[in-house]
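**Student:** First, the structure itself, so that you have it in front of you.
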Amino acid sequence: KQENRSFSLSIRYVAKLARAYPKFRPILLRKLFYFLHPLLI
36 KQENRSFSLS IRYVAKLARA YPKFRPILLR KLFYFLHPLL I
């Protein structure tokens with residue numbers, strides 16, 4: 036359960052960054068994808 040909460044917090048953080056810096060959105064999404072990929076497998 037602890038991992039799940041930090042996971043949702045990190046998603047919220049990335050969403051906040053994406054809203055603040057639109058030009059960095061593709062980089063943030065790529066980093067998020069690489070971060071999530073091991074969890075999805």
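Count along the sequence shown starting at 1, add 35, and that's the number in this note's numbering.
Yeah, the Cβ is synthetic: ideal placement off N, Cα and C, and Gly gets one too.
Between Ala53 and Arg47, how many whole angstroms is the CB-CB distance? I'm expecting something under 8 angstroms.
**Tutor:** Translated into the one-based positions of the sequence shown, residue 53 becomes position 18. Translated into the one-based positions of the sequence shown, residue 47 becomes position 12. Between Arg47 and Ala53 the Cβ distance is about 11 angstroms, and since that is not below 8 angstroms, they are no contact.
**Student:** For Ala50, which residues of its own chain have a beta-carbon under 6 angstroms away from its beta-carbon, when the five flanking residues on both sides are left out?
**Tutor:** Along the sequence shown, one-based indexing puts residue 50 at 15. Apart from the 5 residues on each side of it in sequence, Ala50 has no Cβ closer than 6 angstroms to any other Cβ in its chain.
**Student:** Using the Cα positions of Pro57 and Arg65, report the straight-line distance between them to the nearest angstrom.
**Tutor:** Position 22 of the sequence shown holds residue 57. Position 30 of the sequence shown holds residue 65. Take the alpha-carbon of Pro57 and the one of Arg65: they are about 14 angstroms apart.
**Student:** Can you name, in chain order, every residue of its own chain whose Cβ lies under 7 angstroms from the Cβ of Leu74, other than the five neighbours on each side?
**Tutor:** Counting from 1 along the sequence shown, the entry for residue 74 is found at position 39. Taken in chain order, the list of residues that qualify is empty.
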